[in-house]
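Peer 1: Residue numbers (full-length UniProt numbering): 1 to 90.
Glycine included, every Cβ here is placed at the ideal spot set by N, Cα and C.
Quick caveat, the model's predicted, so the values are computed rather than measured.
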């Protein structure tokens, strides 16, 4: 989650388009609260990506690979301006 957040922050700072390929079976509660909060952290960074650069709209493409389920789909997987999904992506 931290690496993805830093990628989004870099793209925001440099006004770059963003493509993220999502492939996750989801976070498990056994991994702890830090793991579960990564999706919220990424979603927050994507909010800044879309709203901070006032001069132009930045493009975010989300690619859902198989498997993509649970929180990843509900959080940053569905926030793309363009969403592309593999046939078996859940």
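Please tell me whether residue 19 and residue 83 are closer than 9 Å, where the distance is taken between their beta carbons.
Peer 2: no
Peer 1: When the distance is taken between beta carbons, is residue 23 closer than 9 Å to residue 75?
Peer 2: no
Peer 1: Starting from residue 85, follow its DSSP beta bridges and name the residues at the other end.
Peer 2: Beta-bridge partners assigned by DSSP to residue 85: 64.
Peer 1: One question on the structure: do residue 53 and residue 12 come within less than 9 Å of each other, judged by their Cβ atoms?
Peer 2: yes
Peer 1: Any idea which residues DSSP pairs residue 58 with across the strands?
Peer 2: Per DSSP, none; premise fails for residue 58.
Peer 1: Please report the residue range of the alpha helix (DSSP H) in which residue 78 lies.
Peer 2: Counting along the chain, residue 78 falls outside any alpha helix (DSSP H), and DSSP gives it neither H nor E.
Peer 1: Based on the DSSP secondary-structure assignment, which residues constitute the bridge partners of residue 16?
Peer 2: DSSP lists no partner for residue 16.
Peer 1: Using only alpha-carbon positions, find the residue among 21, 7, 38, 15 that is nearest to residue 80.
Peer 2: 21
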